[in-house]
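Enquirer: In the numbering used here, the protein residues as written are 1 to 83. Quick reminder that beta carbons are idealized off the backbone N, C-alpha and C, glycines included. Below: one structure in structure tokens.
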């Protein structure tokens, strides 16, 4: 009786160990081939870099627009030329 129970328990243990081994293999395989987190981080870093560059360019454009507006106002002010 005890030997029969031991065989059943050992069979269940062997099945569980086999399932665990298969799951470990599958997890390892998924980690190796699924690089989604790293791809997301790389894309986010690239996006942030481009967003900073766009922000800097917009700042330069804004400064140039202000300077252009000042120059136009000076040139269009006829009273300024008379003085």
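Reducing DSSP to helix, strand and coil, say where residue 64 ends up.
Expert: Residue mapping note: residue 64 aligns to position 64 of the chain shown, counting from 1. Residue 64: helix per DSSP, three-state reduction.
Enquirer: DSSP three-state call for residue 34: helix, strand or coil?
Expert: Numbered from 1 along the chain shown, position 34 holds the residue referred to as residue 34. In this structure, residue 34 counts as coil in the three-state DSSP scheme.
Enquirer: Give me the Cα-Cα distance between residue 48 and residue 42, rounded to the nearest whole angstrom.
Expert: The sequence position of residue 48 within the chain shown is 48, counting from 1. The sequence position of residue 42 within the chain shown is 42, counting from 1. Computed Cα separation, rounded: 10 Å.
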